[in-house]
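Participant: In terms of our numbering, the sequence shown has 1343 at position 4, counting the first letter as 1, and numbering is strictly consecutive.
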Amino acid sequence: MKKYSIFYAIITLLVLAVFSTEGMCFAGADDIKARMQERLPTIVQMKADNIIGENNKGFLEFVPGASARMEDVVIAENKDRQTVYNAIAKQQGTAAELVAERRAIQIAEKAGPGEWLQDGSGKWYKK
């Protein structure tokens, strides 16, 4: 349960930091936050079941050999992540791809033992 709480806190802080500028929030930030929080228990379980992992581009991906069940959850999460990365990139004057790759590094550093990750060369491994 501690792992879930830490991940939840990270996602919440990321969304708040991205969409808050001098007290003004990006239109839709609350919706994205709510959707991500709602999906989080499913994502945590899918990771625990070795179905999905974090790729080196900041997105969820099905690990090699896993069935692509609950694909709608992965698609929805990645769509919201892309929106967050785009907003950060706009604020920082950089490319969304660079933001996503940096986020992938942060996710990998905070990943728990046994979670699937993809290294910079595209090779999958368990932490």
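Here a beta-carbon is modelled for each residue, glycine too, at the ideal position from N, C-alpha and C.
Note that the coordinates shown come from a computational prediction; the quantities given were computed from them, not determined experimentally.
Is the segment 1393-1402 close to the segment 1449-1459, with three or more CB pairs under 8 Å?
Facilitator: yes
Participant: If we call anything under 8 Å between Cβ atoms a contact, is THR1381 one with VAL1423?
Facilitator: no
Participant: If you draw a straight line from the alpha carbon of VAL1402 to that of LYS1386, how long is it in whole angstroms?
Facilitator: 9 Å
Participant: Tell me whether THR1360 is buried or exposed, calling it buried when 16 or more other Cβ atoms sit within 10 Å of its Cβ.
Facilitator: Its pLDDT being 44, under 50, THR1360 is placed unreliably by the model, and the measurement read from it follows with that caveat. Flag for THR1360 reads exposed.
Participant: Classify GLU1377: buried if its beta carbon has 16 or more other beta carbons within 10 angstroms, exposed otherwise.
Facilitator: exposed
Participant: Please report the straight-line C-alpha distance between ILE1427 and VAL1438, rounded to a whole angstrom.
Facilitator: 7 Å
Participant: Is the CB of LYS1418 under 8 Å away from at least one CB in chain D?
Facilitator: The chain labelled as chain D is not found in the depicted structure, where only one protein chain is given.
Participant: Nearest by alpha-carbon distance to ASN1425: which of ALA1407, ARG1442, GLY1459, ALA1447 is it?
Facilitator: Per the Cα distances, ARG1442.
Participant: Contact defined as beta carbons within less than 8 Å: I believe GLY1397 pairs with ARG1420. What is the distance between those atoms, to the nearest angstrom?
Facilitator: 6 Å
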